[in-house]
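4 protein chains.
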Amino acid sequence: MAKRTGDKYQAIIDAAVRVIAKHGYHNAQVAKIAREANVADGTIYLYFRNKDDVLISVFREKMGEFIHATRARLDQVPTAEEKLRELIRMHLSQLAQNWDMAVVTQIELRQSNPVVRTEIRETLRQYYRLIEDVVRQGMAEGVFRRDVDVRTIRMMIFGTLDETATSWVMKKGKFDLLAQVDPIHRLLLSALRKSEQREEETA
Amino acid sequence: MAKRTGDKYQAIIDAAVRVIAKHGYHNAQVAKIAREANVADGTIYLYFRNKDDVLISVFREKMGEFIHATRARLDQVPTAEEKLRELIRMHLSQLAQNWDMAVVTQIELRQSNPVVRTEIRETLRQYYRLIEDVVRQGMAEGVFRRDVDVRTIRMMIFGTLDETATSWVMKKGKFDLLAQVDPIHRLLLSALRKSEQREEETA
Amino acid sequence: MAKRTGDKYQAIIDAAVRVIAKHGYHNAQVAKIAREANVADGTIYLYFRNKDDVLISVFREKMGEFIHATRARLDQVPTAEEKLRELIRMHLSQLAQNWDMAVVTQIELRQSNPVVRTEIRETLRQYYRLIEDVVRQGMAEGVFRRDVDVRTIRMMIFGTLDETATSWVMKKGKFDLLAQVDPIHRLLLSALRKSEQREEETA
Amino acid sequence: MAKRTGDKYQAIIDAAVRVIAKHGYHNAQVAKIAREANVADGTIYLYFRNKDDVLISVFREKMGEFIHATRARLDQVPTAEEKLRELIRMHLSQLAQNWDMAVVTQIELRQSNPVVRTEIRETLRQYYRLIEDVVRQGMAEGVFRRDVDVRTIRMMIFGTLDETATSWVMKKGKFDLLAQVDPIHRLLLSALRKSEQREEETA
DNA sequence: TATGAATGAGGATTCATTCAT
DNA sequence: GATGAATGAATCCTCATTCAT
Chain A
1 MAKRTGDKYQ AIIDAAVRVI AKHGYHNAQV AKIAREANVA DGTIYLYFRN
51 KDDVLISVFR EKMGEFIHAT RARLDQVPTA EEKLRELIRM HLSQLAQNWD
101 MAVVTQIELR QSNPVVRTEI RETLRQYYRL IEDVVRQGMA EGVFRRDVDV
151 RTIRMMIFGT LDETATSWVM KKGKFDLLAQ VDPIHRLLLS ALRKSEQREE
201 ETA
Chain C
1 MAKRTGDKYQ AIIDAAVRVI AKHGYHNAQV AKIAREANVA DGTIYLYFRN
51 KDDVLISVFR EKMGEFIHAT RARLDQVPTA EEKLRELIRM HLSQLAQNWD
101 MAVVTQIELR QSNPVVRTEI RETLRQYYRL IEDVVRQGMA EGVFRRDVDV
151 RTIRMMIFGT LDETATSWVM KKGKFDLLAQ VDPIHRLLLS ALRKSEQREE
201 ETA
Chain W
1 MAKRTGDKYQ AIIDAAVRVI AKHGYHNAQV AKIAREANVA DGTIYLYFRN
51 KDDVLISVFR EKMGEFIHAT RARLDQVPTA EEKLRELIRM HLSQLAQNWD
101 MAVVTQIELR QSNPVVRTEI RETLRQYYRL IEDVVRQGMA EGVFRRDVDV
151 RTIRMMIFGT LDETATSWVM KKGKFDLLAQ VDPIHRLLLS ALRKSEQREE
201 ETA
Chain B
1 MAKRTGDKYQ AIIDAAVRVI AKHGYHNAQV AKIAREANVA DGTIYLYFRN
51 KDDVLISVFR EKMGEFIHAT RARLDQVPTA EEKLRELIRM HLSQLAQNWD
101 MAVVTQIELR QSNPVVRTEI RETLRQYYRL IEDVVRQGMA EGVFRRDVDV
151 RTIRMMIFGT LDETATSWVM KKGKFDLLAQ VDPIHRLLLS ALRKSEQREE
201 ETA
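Chains as they are written, first to last, in the UniProt record's numbering: chain A, 1 to 203; chain C, 1 to 203; chain W, 1 to 203; chain B, 1 to 203.
Right, dumping it as structure tokens:
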């Protein structure tokens, strides 16, 4: 049971995203997802343990791609400041490019039950680590301040990006999400950069 | 129908908070809330249109108190920088002082259906405005930067506080939430201050 | 929950008997029972924990009446031999008088799942005890043989009655069940009597 | 289709017995039986019409062997009284020697649906005839009473043996089934013998 | 006002059977 | 013959809401 590969596996995941985005989490019945994926209801259970497993897999697969793409991009720029910019850009652009996924991750999947939510939070940890790695690099470079805990900084970075994305979805994409990259980058850089004064401050 | 006052009205709201905090959103049945409030199931429908109305009212009432208390406090300090500090402090301390409410607002109520979520978002707007007013005052004072849209800044402030609060609840209160006030204030101030002021900072 | 009294409780039990007798165990859906009892599906769950509980209760209630009536009758006759006769007569006549119950207890409920079957077996023990008490009395009277274990004798008595009843139902009541009382009584008496008495028997 | 011979035919039947004995009738899925028999799910349908056919065949084949062995044994003893003893002995010993089959025939297969049960009852008729033949022989010999219908006597004999076997399985084989042969034989003989013989018995 | 018994719509999941390979 | 991936029908139970008292 529960094969995690194959065309149908992907088809079901993609169908789930479309159905949830269109009808909402609470109206995404297994039958609807099956129909959208052009498979029988029972077929879903050849690839997934249960409905929760489908939802968790949606998040894991998509967030996995999201993180993978982001990490690959970050690897291409050397400095922490540039990495921060790419992080912001990738975060917002990937959501901007896939409205369905944006709706699903920012809104719908957050309504899910405790089991799904716990799994989601687990997946998010990888992303947290990615962010914290950038911050740590900046500190090591001597560019980012060291007087604030890395986790606090990560909360600011993630919180800012997440709130921005959620607002964008709640406003039905009525503002240009990518236009936020630059101002957010400027804000976060200002927050993170060491200043001459702060150096003295810690002395 | 649906009178919005009286002892029972309050009793039901408070019971809802306790039940949701204890059993989780998905296990907060009307019957359970009624029992906790020492009223009959049907009585709830004398004070609320339906279950959604109870949940929305929970958020509206509690968030109303939250905003009212915050606004009252902000009125007592003159400058934007100090107001920002009080905003952060009030936000985190009010959650820190009421674990049930923290669980309910940061975790459980976010699992609710679209109707409730929309209403919640509506209530949040007042809080958004409060934050933006502080930012605008800072700009007017010539202390906060003006090269970034007020809404973007608000997203950073709210996103940071919200993510911090959520992490705190997810980690079951294992870290000291109030200890975050100071570092967050420093981060946000650095993000918001005009360059010149940052230089003057230590003077 | 699960009130075990009231008109509806009885109505549901009786409806279950009729539905099972008519449609068979595997076609006795909760909805069908509810409709037959003139209540809503959900009402059943105000009186019973689940479907199994309905089935178990059917057996327990009906078998309870069965045992009670039998015991009451046995109390009215003094000797073990007469008691044995009444036991046989009551067993067969009660089934003969209630075709639906006969079908349900002899055929349909035996198809039930392990949970239900276990509960049924539990209830049957009381009946076993009733039979064994008659046998023991006969032994105490010096009328019944003592060279065979009471339980073995009980198995013969119950086995004979049960097989007779089952055959009668399987043959759709095509033979006169009550006509079996006398021959079975004679057979069992011959089996049980002490040798001396058997000698006198023919006199 | 549905050839009733070959290694796989037997393998499937034997696998069904093991699976039903181990997991119970309600957990004996076709897929599980196929796996136990080391064949593919679909292969079962090359040898059997459907699942019911498998179950019926299990009973028919095994009961067939049971009856055949019993008949062969009865042929080796001349008198009805001895035949009765061998019947009892064979009935109980064959079950005692094959726990899986005992569980399957006494408990699990009785939970099956009407189609299977009807077929089972059909197969049982052969066994009924075997029993009745012994009884008739005893009557012809002038040894068994003739004042009770042969079928009634058969119900007593079969009922007694069946109830004994079922009790033994329900009690998980906690008592010695073969130790019941002698007392049951004594009981049944007492029930069946004509009065004169019974008189001689004590001499 | 207050009660709480009654309602009934709605959905995830299993598993016997098929059929293209 | 043999496979096993795919099918899709069928059902118990929960719980928000009503309404007679």
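Don't be surprised by glycine CBs; every beta carbon is placed ideally from N, CA and C.
Cα separation between residue i and residue j?
i	j	result
A:S190	A:G42	54 Å
A:N38	A:H68	29 Å
A:L46	A:D53	12 Å
W:T152	B:P183	8 Å
B:A80	B:V134	6 Å
B:Y25	B:L124	20 Å
W:I157	W:A31	39 Å
W:R193	W:F144	5 Å
W:D14	B:L84	43 Å
W:I175	B:R110	Checking the sequence shown, residue 175 of chain W turns out to be Phe, not Ile. Their backbone Cα atoms lie some 23 Å apart in a straight line.
W:T202	B:G173	Only weak support is given to the placement of W:T202: the predicted model assigns it a pLDDT of 45, under 50, and the value that follows is read from those uncertain coordinates. One C-alpha to the other measures close to 40 Å.
A:V103	C:E86	34 Å
A:W168	C:W99	30 Å
A:Y9	B:A40	23 Å
A:K3	A:E36	20 Å
B:K22	B:N113	19 Å
W:G138	W:T166	27 Å
W:K51	W:L161	29 Å
W:R18	W:T5	19 Å
W:E199	B:S195	In this prediction, W:E199 has a pLDDT of 45, which is less than 50 and means its spatial position is unreliable; nothing more can be read from the coordinates.
B:Y128	A:D7	58 Å
C:R136	C:V77	15 Å
A:E132	C:I20	33 Å
Starting from residue i, find everything on chain C with Cβ-Cβ shorter than 8 Å and list it in chain order.
i	result
A:V148	P183, R186 and L187
A:M63	Residues of chain C passing the Cβ test: none, with the nearest at roughly 17 Å.
Under 8 Å Cβ-Cβ, which residues of chain B neighbour residue i?
i	result
W:T152	T164, Q180, P183, I184 and L187
Please look up how many angstroms separate the CB atoms of residue i and residue j, rounded, as I've assumed it's under 8 Å.
i	j	result
W:T70	W:M90	4 Å
C:A16	C:V58	5 Å
B:T164	W:G159	7 Å
B:I56	B:E119	4 Å
W:A34	W:I44	6 Å
A:L92	A:L177	5 Å
B:R121	W:M155	The Cβ separation is near 21 Å, so there is no contact.
With hydrogens ignored, establish whether the beta-carbon of residue i is closer than 6 Å to any heavy atom of the ligand MN.
i	result
W:A165	Because no ligand of any kind appears in the structure shown, any question about the ligand MN cannot be addressed here.
Run down chain W in chain order and give the residues with a C-beta less than 9 Å from the C-beta of residue i.
i	result
B:N113	G24, Y25, H26 and Q111
Just tell me which of the options has its CA closest to the CA of residue i.
i	options	result
C:E61	C:L177, C:A11, C:M156 and C:L74	C:A11
C:E141	C:R121, C:E82 and C:K171	C:E82
B:Q94	B:E65, B:R146, B:E163 and B:Y127	B:E65
A:Q126	A:R193, A:M63 and A:V19	A:M63
A:V116	A:R85, A:R49 and A:I131	A:R49
W:D147	B:E132, B:Q180 and B:I13	B:Q180
W:H185	B:D149, B:Y128 and B:P114	B:D149
B:L130	B:V169, B:A72, B:W168 and B:N98	B:A72
A:I88	A:L74, A:K22 and A:W99	A:L74
Please list, in chain order, the chain C residues whose beta carbon lies closer than 9 Å to that of residue i.
i	result
residue 204 of chain A	In the structure as shown, chain A starts at 1 and stops at 203, and residue 204 of chain A therefore has no counterpart that could be examined.
Anything in chain A within Cβ reach of residue i, meaning under 9 Å, just list it in chain order.
i	result
C:S93	Chain A residues near C:S93: none, gap ~17 Å exceeds 9 Å.
C:M139	In chain order: nothing, as chain A lies at least about 14 Å away.
How would you list, in chain order, the residues of chain C whose beta-carbon sits under 7 Å from the beta-carbon of residue i?
i	result
A:T105	The premise fails here: A:T105 is roughly 13 Å from chain C at the closest Cβ pair, so nothing lies under 7 Å.
A:T160	M155, M156, G159 and T160
A:S167	M155
Name the chain B residues that come within less than 7 Å of residue i, Cβ to Cβ?
i	result
W:M170	R121
Item to complete: Would you list, in chain order, the members of the stretch 111-135 of chain W that have their beta-carbon closer than 8 Å to a beta-carbon of chain B?
Response: Q111, S112, N113, P114, R117 and R121
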